[in-house]
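To keep things clear, I will list the structure first and then write my remarks on it.
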Amino acid sequence: MIRFETSHGAFVVELFPKEAPITVENFQRYVDDGHFDGTIFHRIVPGFVIQGGGLTADFVNKRTRTPISNEAQNGLKNLRGTLSMARTGDINSATSQFFVNLADNAFLDHGPRDFGYAVFGRVTEGMEVIDKIARVSTGQRKGYQDAPLEDVVIVSARRVSPATQG
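Residue numbers for the sequence shown follow the working numbering, so the first one is 3 and each next one is one higher.
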């Protein structure tokens with residue numbers, strides 16, 4: 003489990019290593035390295051997703067490791083509250099950016115017409131914080147569309163045991 007402390011509150015996520023072993027290992031390495039600390043949620047689309055994990059508050063891309071293989075074929079669905087890896091048009095381009103689904107987004111799932119986006123976890127505590135972040139006003143900022151007009155900072159992301167998540 004990972005506990006995120008943000009400028010708007012805390013939330014906890016459960017990861018799915020059995021279904022998405024490559025993605026979970028990659029994500030945990032970024033957590034353990036402190037990569038997410040000080041990054042922002044740079045994309046907020048109400049009713050769709052909040053996305054972060056790769057940019058500083060100055061909208062500068064953080065250095066990342068080599069992209070990972072897309073595990074979207076793992077059978078997990080992009081349902082409200084799940085975490086998925088963000089990527090470019092290249093299906094195997096995910097590095098550190100992730101998103102939280104604000105709704106059931108079946109069109110992001112693996113299927114015959116599109117490879118999809120790999121679900122690798124879900125919010126187990128603090129979905130109200132995710133919804134609060136989703137209500138932040140957005141616009142164009144530093145060349146990004148759907149960017150929050152106030153910083154939504156990931157202060158820290160740390161592994162926690164289920165007994166100490168609260």
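A virtual CB, placed ideally from N, CA and C, is assigned to each residue, including glycine. Note that the coordinates shown come from a computational prediction; the quantities given were computed from them, not determined experimentally.
For L17, the number of other beta carbons within 10 angstroms of its own is at least 16, and it is reported as buried. A residue is called buried when at least 16 other Cβ atoms come within 10 angstroms of its Cβ; V154 meets this threshold and is buried.
Nearest to T58 by alpha-carbon distance, out of L151, G40, P69, is G40. Between L151 and the set A88, I42, F50, the nearest pair of CA atoms involves I42.
One Cα belongs to P114, the other to G141, and the distance between them is close to 34 Å.
For E7, same chain residues with a beta-carbon under 6 Å away, outside a window of 5 residues either side, are V157, S158 in chain order. In this structure, the beta-carbon distance from R160 to I4 falls below 8 Å. In the DSSP assignment, N103 is bridged to V51.
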